[in-house]
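Trainee: To start, I am sharing the structure in question, which I have written as structure tokens.
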Amino acid sequence: MSGEFYECIFYADDIMLLSHSLNAMQFMLKICHDFAIDYDLKFNAKKSVVMRIGARHNVICEPLKLAGKDLQFVQSLKYLGVFLVSAKHFKCTVDHIKVKFYRVFNCLYSRSKATHSELMTVELMKSYCSLSFYMLLK
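Last residue of the sequence shown: 140 in our numbering, with the numbers rising by one and none dropped.
The following block contains the structure:
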């Protein structure tokens, strides 16, 4: 970000480790494990995942370990409400928002058919979209 490399981003109890190589990432995971032992904490290896970004994002490699447990490699993940996607370059996705929008639209549209009012459907969609946009900004 802005020409700087950040290896660890965290908010409350959500931590994201960033590394330029798998060896460096495994070293960082060992530091986390040692810290957890020293301060009587536990990392949940079941909730922890690995995602690769870069030219070799889809190459199968040796699993990374946290507290002796293999971490699962994923193609996408959600961090603080942002969906990140494994690709050659850093990439976010909003597909989940589109799916939710169409689901709600279809539900509202099917229920508003009974009123036979296009104006009612438009007003319902407008109020839902305004509320959804407001919630995205929060």
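We put the beta carbon where it would ideally sit given N, CA and C, even for glycine.
Measuring only the C-alpha atoms, how far is His35 from Leu19?
Mentor: Residue numbering aside, residue 35 sits at position 33 when the sequence shown is read from its first letter. Residue numbering aside, residue 19 sits at position 17 when the sequence shown is read from its first letter. Between His35 and Leu19, the C-alpha separation is close to 13 Å.
Trainee: Among Ser112, Ser23, Glu120, which has the Cα closest to the Cα of Val61?
Mentor: By one-based count along the sequence shown, residue 61 stands at place 59. Selected option, being the one with the closest Cα: Ser23.
Trainee: Using 8 Å for Cβ pairs, my map puts Leu82 next to Asp15. What's the rounded Cβ distance?
Mentor: Your numbering for residue 82 matches position 80 in the sequence shown. Your numbering for residue 15 matches position 13 in the sequence shown. Actually they do not touch by this definition, with Cβ atoms about 11 Å apart.
Trainee: To the nearest angstrom, report how far apart Gln77 and Lys67 are at their CA atoms.
Mentor: Position 75 of the sequence shown holds residue 77. Position 65 of the sequence shown holds residue 67. Distance between the alpha carbons of Gln77 and Lys67: 18 Å.
Trainee: So, for Phe45: in the same chain, excluding its five sequence neighbours on each side, which residues have a beta-carbon less than 8 Å away from its beta-carbon?
Mentor: For this step, residue 45 is matched to residue 43 along the sequence shown. Counting only Cβ-Cβ distances below 8 Å, and skipping sequence neighbours, we find Cys34, His35, Ala38, Leu68, Ala69.
Trainee: Kindly indicate which three-state DSSP category Val61 falls into: helix, strand or coil?
Mentor: Here residue 61 corresponds to residue number 59 of the sequence shown, with the count starting at 1. Note: Val61 maps to coil in three-state DSSP.
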